[in-house]
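With this note's numbering applied, the sequence shown covers 7 to 158.
Even glycine gets a Cβ: it sits at the ideal position worked out from N, Cα and C.
Heads up, the thing below is written out as structure tokens.
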Amino acid sequence: MLLDDATRHDLLGAADRELSRYKQLDKNIKHYKERIQLITSRMTAAKGYNYAAIRVQDTSKKADAQMVQYIAMKHDCAARMGHCVAQMGEIRERITRRVTDDRARRVIERYYIDGQSIKVICEAENYSKRQVLRLKESGLIEYAKKMAPRGT
């Protein structure tokens, strides 16, 4: 089935946007890790000893209000980070399920998941730049076709 240019462009754009979310989720995870480290260091500085292993259940009514706030912020960051990890796993699983051509799937995973450049992929897979770009495009189109709801 041949696609006209507008349809192909729309499919490529939709797949690229969805797969680019992976990179944003990875940035979010790094941000949450840094925030957890910052909160832990603030907790340590506030009391002078390590609060890294403390849990919310360990706080009692006579606990320091600032420490309770720090612990709540830390657990909130950890929960958000866990949500991002789950979403990243879903994206990776969708790529595996939707892109049936192994070569195209490897190119897409290296480009979107691993964040490698086209040049690095060419050297690693021993393909020309033109082959890599074709495989990327065909994989994105296949991904986008299966991304669309049935009956359209």
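Per-residue burial, residue i [other beta carbons within 10 Å of its own, 16 or more giving buried]
i: Ala-110; result: buried
i: Glu-115; result: buried
i: Ala-21; result: buried
i: Lys-39; result: exposed
i: Ala-150; result: buried
i: Lys-135; result: exposed
Selection from the options that minimises the alpha carbon distance to residue i
i: Lys-36; options: Leu-17, Met-87, Ser-26, Leu-18; result: Met-87
i: Glu-131; options: Met-153, Tyr-117, Ser-144; result: Tyr-117
i: Leu-25; options: Met-94, Leu-141, Arg-103; result: Met-94
i: Met-165; options: Ile-45, Cys-83, Arg-100, Cys-90; result: Missing from the structure shown is residue 165; the chain here goes from 7 to 158 and no further.
i: Leu-31; options: Gln-75, Tyr-76, Ala-92; result: Ala-92
i: Glu-99; options: Met-153, His-81, Lys-80, Leu-18; result: Met-153
i: Arg-103; options: Ala-51, Gly-145, Asp-82; result: Gly-145
i: Asp-107; options: Ile-77, Asp-16, Arg-48, Leu-141; result: Leu-141
i: Lys-80; options: Ser-47, Cys-90, Ile-101; result: Ser-47
Beta-carbon proximity of residue i to residue j, cut-off 9 Å
i: Ile-124; j: Leu-139; result: yes
i: Glu-148; j: Val-113; result: no
For residue j and residue i, believed in contact at Cβ under 8 Å, the rounded distance
i: Arg-41; j: Ile-97; result: Arg-41 to Ile-97, Cβ: 23 Å. No contact.
i: Gly-121; j: Lys-33; result: Gly-121 to Lys-33, Cβ: 11 Å. No contact.
i: Glu-143; j: Leu-18; result: 7 Å
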